[in-house]
Each structure stands twice: as C-alpha cells, then as structure tokens.
Amino acid sequence: MKGASLMTFYNFIMGFQNDSTPFGILAEHVSEDKAFPRLEERHQVIRAYVMSNYTDHQLIETTNRAISLYMAN
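Heads up, the sequence shown is in my numbering, so the first residue is 2 and it goes up one at a time.
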C-alpha cells in the first residue's frame, strides 16, 4: 500500500488565493491556467511547465520561491 499522498503544488499555491502578495498573484494566474498540471507533486515537472509556458519574469521567480517553500513542507 502506498503511503499518504503529498499535497500537489496546485493545492499548495491555491492556499494563497486572495492574498495581496506575489504568491496570491501566482495563485490567481495558476487558477486561470487550464493547462497547468494540477495533479502534479514533482517540483521538476512544475518548474519545467512554468519555464516552458510563462514569459513573465516575476511570475517565474515567484514560482521558484513557491516551489522552495512547497518542498520544505
């Protein structure tokens, strides 16, 4: 039997919705991105998706910070 599932990055970042912070802005963007890998737990896949699909430098940097926090939890 597999152990407890990790929280997905999508669920993690959705915890910041409605925050007036860079993470809140990222959460809003991710929630509107219909192609975002919502079930993904691996930070490498999230990072590769963002680097391939997002062009806003601030959004990419915020994603990198959010991934670091996500991995620490």
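Note that the Cβ used here is the ideal one computed from N, Cα and C, for glycine as well.
| Item | Value |
| --- | --- |
| M97, enclosing alpha helix (DSSP H) - first and last residue | Outside the shown range of the chain (2 to 74) lies residue 97, about which nothing can therefore be said. |
| Proximity winner among V31, A73, T22 and G25, relative to G47 (alpha-carbon distances) | In the sequence under discussion, the amino acid at residue 47 is Ile, which differs from the Gly named in the question. The option with the nearest alpha carbon to I47 is V31. |
| Spatially closest choice to K35 from N54, S69, A49 and M72, by CA coordinates | N54 |
| E33 - containing alpha helix (DSSP H), residue span | P23 to E33 |
| Where L40 falls, given that 16 or more other Cβ within 10 Å makes a residue buried | exposed |
| Helix, strand or coil at Y55 according to DSSP, with G and I counted as helix | coil |
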